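Only one structure is covered here, and it is reproduced in the block below.
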Amino acid sequence: MSLSIIYGFVSVEKVDKKIDGSLILKTQESLNLKTSILKKNKQAYNGFGRNVTSGFNLRQLLLRRIPILAWIPQYSSSKLLQDILAGLTVGLTAIPQGIAYAIVAGLPAQYGLYSSFMGCFVYLVFGSCKDITVGPTAIMALLSQHHVIRLGEDIAVLLCFLTGCVIFLMGLLHLGFLVEFVSMPVISGFTNAAAIIIGTSQLGTLLGLSGRSDSFIDAIAKVVNHFDKITFWDPLLGFCSMILLVCLKKLPGKKTGTVSEKFMWVTSLARNAVVVIFGIILNYSLFSYGIKIFKSTGNITEGLPPFAPPPFSLVKGNHTYNFEELIGELGSTVISVPLIAILESIAIAKAFAKGKTVDANQEMLALGLCNIFGSFSRSMPTTGSFTRTAVNNASGVKTPMGGLITGCLVLLACGLLTSTFEFIPKATLAAVIIVAMYYMLELRVFLVLWRTKKIDLIPLAVTLSSCLAIGPEYGMIAGIAANLILLLYFAARPGLLIEERVVDGLTILFVSPKQSLSYPAAEYLRERVMSW
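For the sequence shown, the positions run 1 to 532 when UniProt numbering is used.
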């Protein structure tokens, strides 16, 4: 009797000695067949290598890595008109948002404009999604805020440069798959926490209180401790601005309708600009009569930003920080900011791809270059903006050329309109930010997870609570850690289907894992079988 084992299956056969010769012959035939297959595989591999070498096409590589070369030959005047309309509409959204997000980051207002144009120009050449507009976002501003408060504006510019370098390197090395380790519950928890932190940080400004808040808890404490210092006019203007923003968003306009419907459609898309312009006119009118009842943004540096390399050292107080010390001060932010920027941008690209494949590595290369070049124009870290991308898409943009129009409009605002922006009421900007954060909340995801997979509420809750308690950067790390612990737990505790059968008088257990087995599951599998 001989025992043969083939890939985990055991069979017992009675082997007659008379047919040993035929078994040896069949074994030899099997070996000859394997040798023949190996030779054919080697020939096929060599042929594949020759095909790859001969099939290298520089033109295809350039079209893939510089997408503007693919669509610019087919560009037409009709597409240009649509792109101009979309670019102008997005520009009217980008200008007030940029100023607002600069304030969230603790930067002077002009830094919001500096951060809003270079990404448009660079993405025009290297971007693969026609709808995406790259610029400052609420989350990027929030992650930069802590370092800006401690070390000043230069650290935001350096962080922008380092963010671009990390993202570009990840794109070159095709490391986009790392983003997949950050699950949807973690992203949702982080997004909700960021919206809450940013929204509450603007409560003091909305109520007319001075100073800034460093965290969610600090923002709440500031309002409670200084409740008696709340003014009347700033909250009134702020709440009126919030109501106006919500009403403008709900205007029943259409892109293709009557003149009045088109007007309402454009007004709804550019509602942030409409509210800010209304605040400027009101504040300037009162100021011209000597009435100063609103806190204003204040002086904004006129002209274009100084084009220079990012600072690799800075002076704060009596101490000069060199590059190595600045990297130490930034810490894990050098990794977390690029990671979140990639998550935002690729998620937006997939949302507006309309079923088309998104080249994640090309998007990473484009986003990295946007930040690298942006740092030479005093930009804070940037990424794809969902709000501006949605406006771009709704405006009917045809190609990334719309970004060129948006960038030019922002540059025009930098050169000619900065003296006007100093009359923007702070309460109006706070209202713009708070309303934007309200629409960024993803409350429905809690109900969806409760109905479908309750266990995923754990990493979501850990991320959300950690971000609110210890800050967004470490909160994201805590959420990822919680998610990885769950993954490892389920890898070590796989589902098992165990059946008991009787074969030829022997009781046999048939064990069927419901998933692939890994090393941590070995002991668990043994215990389950032995305890049956």
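Cβ atoms here follow ideal geometry from the backbone N, Cα and C, with glycine treated the same way.
In this text the structure is predicted, and so the values were computed from the model without any measurement.
Handout entry: Exposure of L58, with buried meaning 16 or more beta-carbon neighbours within 10 Å
Key = Counted from its first residue, the sequence shown places residue 58 at position 58. Exposed.
Handout entry: Closest by C-alpha distance to F168, when choosing among A349, L509, L404 and M364
Key = Working through the sequence shown from its first residue, we reach residue 168 at position 168. When only C-alpha atoms are compared, the closest one is M364.
Exercise for the section: Please check the pair A270 and L92, which I expect to be a contact at CB under 8 Å, by giving their CB distance rounded to whole angstroms. Expected result: Locating residue 270 in the sequence shown gives position 270, counting from the first residue. Locating residue 92 in the sequence shown gives position 92, counting from the first residue. Beta-carbon to beta-carbon, A270 and L92 are separated by about 4 Å, close enough to satisfy the 8 Å threshold.
Handout entry: Cβ contact check for the segment 237-253 and the segment 433-450: 3 or more pairs under 8 Å
Key = A contact is defined here as three or more CB-CB pairs under 8 Å, and the segment 237-253 meets this definition with respect to the segment 433-450.
Practice task
Determine the contact status of T133 and V104, defining contact as a CB-CB distance below 8 Å.
Solution key: Indexing the sequence shown from 1 puts residue 133 at position 133. Indexing the sequence shown from 1 puts residue 104 at position 104. Going by C-beta atoms, T133 is not nearer than 8 Å to V104.
Practice task
Check whether the Cβ atoms of G87 and I405 sit closer than 8 Å, and answer yes or no.
Solution key: Counted from its first residue, the sequence shown places residue 87 at position 87. Counted from its first residue, the sequence shown places residue 405 at position 405. The beta carbons of G87 and I405 sit closer together than 8 Å.
Exercise for the section: Look at the alpha carbon of A390 and the alpha carbon of L251, and state the distance between them as a whole number of angstroms. Expected result: In the sequence shown, the residue the question calls residue 390 occupies position 390. In the sequence shown, the residue the question calls residue 251 occupies position 251. For A390 and L251, the distance between alpha carbons rounds to 16 Å.
Exercise for the section: Scan the segment 323-379 and note each continuous alpha helix (DSSP H) run of 4 residues or more that stays entirely inside, going in chain order. Expected result: Whole alpha helix (DSSP H) segments, 4+ residues: 323-330, 333-351 and 360-374.
Problem - Check whether G384 and S345 have beta carbons under 8 Å apart - result: Here the question's residue 384 lines up with position 384 in the sequence shown. Here the question's residue 345 lines up with position 345 in the sequence shown. The Cβ-Cβ distance between G384 and S345 falls below 8 Å.
Exercise for the section: Indicate whether L237 and F294 have their beta-carbon atoms separated by less than 8 Å. Expected result: Position 237 of the sequence shown holds residue 237. Position 294 of the sequence shown holds residue 294. The answer is yes: Cβ separation under 8 Å.
Problem - Chain-order list of residues whose beta-carbon lies under 7 Å from that of S518 (same chain, five-residue window excluded) - result: On the sequence shown, residue 518 is found 518 positions in, with the first residue counted as 1. Apart from the 5 residues on each side of it in sequence, S518 sits with its Cβ closer than 7 Å to the Cβ of A491 in its chain, given in chain order.
Handout entry: Runs of beta strand (DSSP E) lying entirely within the segment 452-515, each at least 3 residues, in chain order
Key = Correct list: 496-503 and 506-513.
Problem - For G119 and Y45, the rounded distance between their alpha carbons - result: Here residue 45 corresponds to residue number 45 of the sequence shown, with the count starting at 1. Here residue 119 corresponds to residue number 119 of the sequence shown, with the count starting at 1. Confidence at Y45 is low in this model, with a pLDDT of 46, below 50, so its placement is unreliable and the value that follows should be read with caution. Near 43 Å, if we compare the C-alpha coordinates of G119 and Y45.
Practice task
Between the Cα of A482 and those of V462, L203 and K229, spot the shortest distance and give me the residue it belongs to.
Solution key: Taking the first residue of the sequence shown as position 1, residue 482 is located at position 482. Of V462, L203 and K229, the residue nearest in Cα terms is V462.
Exercise for the section: Classify residue 591 as buried or exposed, calling it buried when 16 or more other Cβ atoms lie within 10 Å of its own Cβ. Expected result: The structure shown does not extend to residue 591, since the chain is modelled only from 1 to 532, so the question has no answer here.
Problem - the segment 440-449 contacting the segment 142-157, beta-carbon criterion three pairs below 8 Å - result: Taking a cut-off of 8 Å on C-beta distances, the segment 440-449 does not touch the segment 142-157, as fewer than three cross pairs fall below it.
Exercise for the section: Could you round the C-beta distance between V166 and V334 to whole angstroms and report it? I think they count as a contact, below 8 Å. Expected result: Here the question's residue 166 lines up with position 166 in the sequence shown. Here the question's residue 334 lines up with position 334 in the sequence shown. Sure, about 7 Å apart at Cβ, within 8 Å.
Problem - Rounded C-alpha distance that separates V52 from P513 - result: For the purposes of this step, residue 52 is identified with residue 52 of the sequence shown, where counting begins at 1. For the purposes of this step, residue 513 is identified with residue 513 of the sequence shown, where counting begins at 1. Low per-residue confidence applies at V52: pLDDT is 44, beneath 50, and the placement is therefore not dependable enough to give any value.
Handout entry: Close beta carbons around A138, own chain, < 8 Å, minus the five adjacent residues each side
Key = Along the sequence shown, read from residue 1 onward, the residue named residue 138 stands at position 138. Result list for A138: Y101, V104, A194, A195, I198, I433, A436, M437 and M440, in chain order.
Exercise for the section: With a threshold of 16 other CB atoms inside 10 Å of the CB of H319, please say whether the residue is buried or exposed. Expected result: Counting from 1 along the sequence shown, the entry for residue 319 is found at position 319. That one is exposed.
Practice task
Kindly identify the DSSP beta-bridge partner or partners of G253.
Solution key: Taking the sequence shown and counting its residues from 1, one reaches residue 253 at position 253. In the DSSP assignment, G253 is bridged to no other residue.
Handout entry: Separation of F446 from I477, as counted between CA atoms
Key = Residue mapping note: residue 477 aligns to position 477 of the sequence shown, counting from 1. Residue mapping note: residue 446 aligns to position 446 of the sequence shown, counting from 1. So the alpha carbons of these two residues sit roughly 20 Å apart.
Exercise for the section: Take P520 and list the residues in its own chain whose beta-carbon comes closer than 8 Å to its own, dropping the five residues that flank it on each side. Expected result: For the purposes of this step, residue 520 is taken as residue 520 along the sequence shown, with counting starting at 1. When the five nearest sequence neighbours on each side are left out, the beta carbons in the same chain lying within less than 8 Å of the beta carbon of P520 are those of L488, A491 and A492, in order along the chain.
Handout entry: Y289 - containing alpha helix (DSSP H), residue span
Key = Here residue 289 corresponds to residue number 289 of the sequence shown, with the count starting at 1. Counting along the chain, Y289 falls outside any alpha helix (DSSP H), and DSSP gives it neither H nor E.
Practice task
State the DSSP-derived secondary structure class of L172, mapped to helix, strand or coil.
Solution key: In the sequence shown, the residue the question calls residue 172 occupies position 172. In this structure, L172 counts as helix in the three-state DSSP scheme.
Problem - Boundaries of the beta strand (DSSP E) in which K316 is found, first to last residue - result: To locate residue 316, count along the sequence shown from 1; it is residue 316. Its beta strand (DSSP E) spans residues L314 to K316.
Handout entry: H226, DSSP secondary structure in three states
Key = Taking the first residue of the sequence shown as 1, we reach residue 226 at position 226. H226: coil per DSSP, three-state reduction.
Exercise for the section: State yes or no: is the C-beta of Y284 within less than 8 Å of the C-beta of F423? Expected result: By 1-based counting over the sequence shown, the position of residue 284 is 284. By 1-based counting over the sequence shown, the position of residue 423 is 423. Taking 8 Å as the Cβ cut-off, Y284 and F423 qualify as a contacting pair.
Practice task
Taking only the alpha-carbon atoms, compute the straight-line gap between S124 and S288 and give it to the nearest angstrom.
Solution key: For the purposes of this step, residue 124 is taken as the residue at position 124 of the sequence shown. For the purposes of this step, residue 288 is taken as the residue at position 288 of the sequence shown. Looking at the sequence shown, residue 124 is not Ser but Leu. Distance between the alpha carbons of L124 and S288: 42 Å.
Practice task
Would you kindly work out how many angstroms separate the C-alpha atoms of R528 and S336, rounded to a whole number?
Solution key: Working through the sequence shown from its first residue, we reach residue 528 at position 528. Working through the sequence shown from its first residue, we reach residue 336 at position 336. Roughly 41 Å separates the two Cα atoms.
Problem - Which listed residue (D154, E500, L525 and S128) has its alpha carbon closest to that of L326 - result: On the sequence shown, position 326 is the one that residue 326 refers to. It is D154.
Problem - Alpha carbon of K316 to alpha carbon of L85, nearest angstrom - result: Here residue 316 is taken as the residue at index 316 of the sequence shown, counted from 1. Here residue 85 is taken as the residue at index 85 of the sequence shown, counted from 1. Rounded to the nearest angstrom, the two C-alpha atoms are 45 Å apart.
Practice task
Measure the alpha-carbon distance for P494 versus R388 and round it to whole angstroms.
Solution key: Along the sequence shown, read from residue 1 onward, the residue named residue 494 stands at position 494. Along the sequence shown, read from residue 1 onward, the residue named residue 388 stands at position 388. Answer to the nearest angstrom: the Cα atoms are 44 Å apart.
Handout entry: Under 8 Å between C-beta atoms of P67 and G279
Key = Position 67 of the sequence shown, counted from the first residue, corresponds to residue 67. Position 279 of the sequence shown, counted from the first residue, corresponds to residue 279. No, the Cβ-Cβ distance between P67 and G279 is not below 8 Å.
Practice task
Give the straight-line distance between the Cα atoms of A415 and V157, rounded to the nearest whole angstrom.
Solution key: Looking up residue 415 in the sequence shown gives position 415. Looking up residue 157 in the sequence shown gives position 157. It should be noted that the sequence gives Gly, not Ala, for residue 415. Taking the straight line joining both Cα atoms gives about 21 Å.
Practice task
Reducing DSSP to helix, strand and coil, say where G21 ends up.
Solution key: Working through the sequence shown from its first residue, we reach residue 21 at position 21. Confidence in G21 is poor, its pLDDT being 45 and thus under 50, which makes the residue's placement unreliable; the coordinate value appears in the next sentence. G21 falls in the helix class under three-state DSSP.
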